[in-house]
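The sequence shown begins at 9 in this note's numbering and counts up by one.
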Amino acid sequence: MTQDVFIYDAIRTPRGKGKPGGGLHEVKPIDLVVNQLNALRLRNSLDTSLVEDLILATGEPVDEQGQNLAKAAITYADWSDATTGAQLHRFCAGGLDAVNLAFAKIAAGIESLNCAGGVESMSRLGIGASGGAVSDPWVAWQSDFVPQGVAADLIANLNDFDREQLDTYGVLSQARATQAQTNGHFRSLVPVVDMNGVTILNRDETIRPQTTAEGLADLSPVFESYGALGYDELIKFKYPQIASLRHHHTQGTSSGIADGAALVLLGNQQAGKQLSIEPRARIVATALVGTEPTIMLCGPAPAARKALAQADLNIEDIDLFEVNEAFASVVLLFAKELELPMDKINVNGGAIAMGHPIGATGAMLVGSLIDELERRQLRRGMVTLCAGGGIGIATIIERV
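Here it is as structure tokens:
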């Protein structure tokens, strides 16, 4: 017998440029998390002794993001000792997986009130800081491993998405994000402040309002050099229908490197009554799937179908979709496979414009979706992401 699980709040930091000189580069990952913990407590007059767990995702769980960053942040933020903490890694799906795991524990009656999300300081640690098994050339070869950008180009080739289509989507993401930022649609955004309360960053700093199709057309493909290292040959072996892989994705059609953190407060109905706070949304269903690991980025559509089946819903029952813009081809494939109009997908832009802080993005999208469902007075939305190794994840959320 499961019980309803509600989202009582969902917040995020601005996304900072994920390189030295970015607005959040000088902020330690633990301080990004503590900023969010403090904001959750203040916004909800939260008795932290009632929060049973903090589940926190990171894409590089080493050094400043290593050990159990979740529990360290709870202690550092002076939350109650009663709140425990756990750290998880599911590549780009981690932030949403943390939310889904917290949901599952509450739905099962194991716990009543949890916090979940993710953090990533890509400027301080960088992609690949934690190494990994596929760093071994033999393991990579036996696993048919290719870099994600090469996989994104493969998706474009297999689905006849040309360079112009990808660039058009890149421009759309920037335009939508610019409009959303200008009109204040990112209501889940909480500025990052220092120990004196001085604002460090209060807006996403990677959005490029002046982006044009002509400008993107001048950019060189990013992943052609990776293909030349032998990955193009591996692709031809695995996908013999591809005689020659054409590389289309550029910096303008790939997710940006970013810093940031996000948290979601989830609980059952009794927890909300005990805290005297009203829920904003309800989690309807979640799904995880595995897909072919070389192409690796095709998980969103099958994860969406699985979540819909669990909820006994049809695709027409979902009003808005947040599909992580790992690459333009990922979003175009999702729209193609589910036959969706683009005016339902990423209506406020996405990671191409705002960046993709790996461990945090999934949780960020939960807040963005709820913000927009509330703003438009719509009922249901879905968050979905692809992740390394062929992982797909999806969550259906219903506004309360």
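Virtual Cβ for every residue (Gly too), placed ideally from N, Cα, C.
Self-check item: Distance CB(Leu-48)-CB(Ile-19) smaller than 9 Å
Solution: Position 40 of the sequence shown, counting from 1, holds the residue named residue 48. Position 11 of the sequence shown, counting from 1, holds the residue named residue 19. Contact flag set, yes.
Quiz item: Near Gly-116, what residues of its chain come up, given a Cβ to Cβ distance below 6 Å and the 5 sequence neighbours on each side ignored?
Solution: Position 108 of the sequence shown holds residue 116. The displayed chain sequence assigns Ala, not Gly, to residue 116. Excluding sequence neighbours, Ala-116 sits near nothing in its chain.
Quiz prompt | Pairwise C-alpha distance: Gly-398 and Thr-302 | solution = Taking the sequence shown and counting its residues from 1, one reaches residue 302 at position 294. Taking the sequence shown and counting its residues from 1, one reaches residue 398 at position 390. Going by the C-alpha atoms only, they are around 7 Å apart.
Quiz item: Given that a residue counts as buried once 16 or more other Cβ atoms are within 10 Å of its Cβ, and exposed if not, what is Ala-221?
Solution: Within the sequence shown, the letter at position 213 stands for residue 221. Burial call: exposed.
Quiz item: Does the Cβ-Cβ distance between Ile-123 and Thr-91 come in under 9 Å?
Solution: Here residue 123 refers to the residue found at position 115 of the sequence shown. Here residue 91 refers to the residue found at position 83 of the sequence shown. Note that residue 123 is Cys in the sequence shown here, rather than Ile. Result yes, Cβ atoms of Cys-123 and Thr-91 sit closer than 9 Å.
Quiz item: How is Leu-346 classed by DSSP in three states: helix, strand or coil?
Solution: Here residue 346 is taken as the residue at index 338 of the sequence shown, counted from 1. Helix, per DSSP.
Self-check item: Terminal residues of the beta strand (DSSP E) in which Arg-49 lies
Solution: Sequence index remark: in the sequence shown, residue 49 carries index 41 (1-based). Note, Arg-49: premise wrong, no beta strand (DSSP E); alpha helix (DSSP H) at 37-52.
Quiz item: Any idea which residues DSSP pairs Phe-329 with across the strands?
Solution: Position 321 of the sequence shown, counting from 1, holds the residue named residue 329. Answer by DSSP bridge pairing, in chain order: Ile-353, Met-390.
Practice problem: With DSSP as the reference, please indicate the residues paired to Cys-100 in a beta bridge. | Solution: Along the sequence shown, read from residue 1 onward, the residue named residue 100 stands at position 92. Arg-98.
Practice problem: Determine, using beta-carbon pairs with one atom in the stretch 384-401 and one in the stretch 308-326, whether at least three such pairs fall under 8 Å. | Solution: yes
Quiz item: Based on Cα-Cα distance, which residue from Leu-381, Ala-236, Ile-404, Gln-182 lies nearest to Gly-157?
Solution: On the sequence shown, residue 157 is found 149 positions in, with the first residue counted as 1. Checking every option, the nearest Cα to that of Gly-157 belongs to Ala-236.
Quiz prompt | Cβ neighbours of Ala-343 in the same chain (closer than 7 Å, five flanking residues each side left out) | solution = In the sequence shown, the residue the question calls residue 343 occupies position 335. Excluding positions up to five away in sequence, the list reads Met-350, Ile-353.
Practice problem: From the DSSP output, in three-state form, read off Lys-27 for me. | Solution: As a first step, residue 27 must be located in the sequence shown, where it is residue number 19. Lys-27 falls in the coil class under three-state DSSP.
Practice problem: Figure out for me which residue from Asp-202, Asp-161, Val-206 has the closest Cα to the Cα of Ser-233. | Solution: Translated into the one-based positions of the sequence shown, residue 233 becomes position 225. The candidate whose alpha carbon is nearest that of Ser-233 is Asp-161.
Exercise. Helix, strand or coil for Asn-122, going by three-state DSSP, please let me know.
Key: One-based indexing of the sequence shown puts residue 122 at position 114. Note: Asn-122 maps to strand in three-state DSSP.
Practice problem: Could you say which of Lys-36, Leu-121, Gly-264 lies nearest to Asp-212 if we only look at CA atoms? | Solution: The sequence position of residue 212 within the sequence shown is 204, counting from 1. Closest by alpha carbon: Gly-264.
Quiz prompt | When Thr-294, Pro-69, Asp-320, Ile-38 are compared against Lys-113, the one with the closest alpha-carbon | solution = Residue numbering aside, residue 113 sits at position 105 when the sequence shown is read from its first letter. If we check each option's Cα against that of Lys-113, Thr-294 comes out closest.
Self-check item: Cβ pair count under 8 Å reaching 3, the stretch 197-207 against the stretch 251-264
Solution: no
Self-check item: Assigned exposure category for Gln-218 - 16 Cβ within 10 Å defines buried
Solution: Here residue 218 corresponds to residue number 210 of the sequence shown, with the count starting at 1. With fewer than 16 Cβ atoms within 10 Å of its Cβ, Gln-218 is classed as exposed.
Quiz item: Going by alpha carbons, who is nearest to Ile-15 out of Asn-210, Leu-328, Val-374, Ile-401?
Solution: Residue 15 sits at position 7 when you count from the first residue of the sequence shown. Considering only alpha carbons, the answer is Val-374.
Self-check item: Local Cβ density within 10 Å of Phe-245, reported as buried at 16 or more and exposed below that
Solution: Numbered from its first residue, the sequence shown carries residue 245 at position 237. So Phe-245 counts as exposed.
Exercise. Just the C-alpha distance for Gly-7 and Gly-126, rounded to the nearest angstrom, thanks.
Key: The shown model of the chain, from 9 to 408, leaves out residue 7, and the question about it has no answer.
Quiz item: Which one of Thr-190, Leu-62, Val-70 has the shortest CA to CA distance from Asp-105?
Solution: Stepping through the sequence shown from its first residue, residue 105 is reached at position 97. Here the closest residue by C-alpha is Leu-62.
Quiz item: Leu-224: which of Phe-335, Ala-336, Asp-175 sits nearest, CA to CA?
Solution: Counted from its first residue, the sequence shown places residue 224 at position 216. Comparing alpha-carbon positions, the option among Phe-335, Ala-336, Asp-175 lying closest to Leu-224 turns out to be Asp-175.
Quiz item: When burial is assigned at 16 or more other CB atoms within 10 Å of the CB, is Asp-39 buried or exposed?
Solution: Counting from one through the sequence shown, the residue named residue 39 turns up at place 31. That one is buried.
Quiz item: Going by the beta-carbon positions, is the gap between Gly-6 and Pro-365 smaller than 9 Å?
Solution: There is no way to answer for residue 6, as the model of the chain reaches only from 9 to 408.
Quiz prompt | Local conformation of Val-200 per DSSP, three classes | solution = Within the sequence shown, numbered from 1, the residue matching residue 200 stands at position 192. Strand.
Exercise. Leaving out five residues on either side along the sequence, give the residues of the same chain with a beta carbon under 6 Å from the beta carbon of Phe-329.
Key: As a first step, residue 329 is located in the sequence shown; it is residue number 321 there, counting from the start. Result list for Phe-329: Lys-352, Ile-353, Met-390, in chain order.
Practice problem: For the alpha helix (DSSP H) holding Tyr-247, just list the boundary residues, first then last. | Solution: For the purposes of this step, residue 247 is identified with residue 239 of the sequence shown, where counting begins at 1. Taken as a continuous stretch (DSSP letters only), Tyr-247 belongs to no alpha helix (DSSP H), as it is neither H nor E.
Self-check item: Touching by the beta-carbon criterion (3+ pairs, under 8 Å), the stretch 129-148 and the stretch 256-271
Solution: Touching, yes.
Quiz item: So who's on the other strand from Ser-262, going by DSSP bridges?
Solution: To locate residue 262, count along the sequence shown from 1; it is residue 254. Beta-bridge pairing links Ser-262 to Phe-335.
Quiz item: Going by beta carbon distance, what residues of the same chain come within less than 6 Å of Ser-88, once the five residues before and after it are set aside?
Solution: Numbered from 1 along the sequence shown, position 80 holds the residue referred to as residue 88. Cβ neighbours of Ser-88 beyond the five flanking positions: Thr-56, Ser-57.
Practice problem: Leaving out five residues on either side along the sequence, give the residues of the same chain with a beta carbon under 8 Å from the beta carbon of Glu-380. | Solution: For this step, residue 380 is matched to residue 372 along the sequence shown. His-193, Leu-328, Val-355, Asn-356, Leu-386, Gly-389, listed in sequence order.
Quiz prompt | Minimum C-alpha distance to Gly-139 - residue among Glu-34, Gln-95, Gly-74, Leu-121 | solution = As a working mapping, residue 139 is identified with position 131 in the sequence shown. For the residues Glu-34, Gln-95, Gly-74, Leu-121, the minimum Cα distance to Gly-139 belongs to Gly-74.
Quiz item: How many angstroms separate the CA atom of Gly-24 from the CA atom of Lys-36?
Solution: Counting from one through the sequence shown, the residue named residue 24 turns up at place 16. Counting from one through the sequence shown, the residue named residue 36 turns up at place 28. Distance between the alpha carbons of Gly-24 and Lys-36 is about 13 Å.
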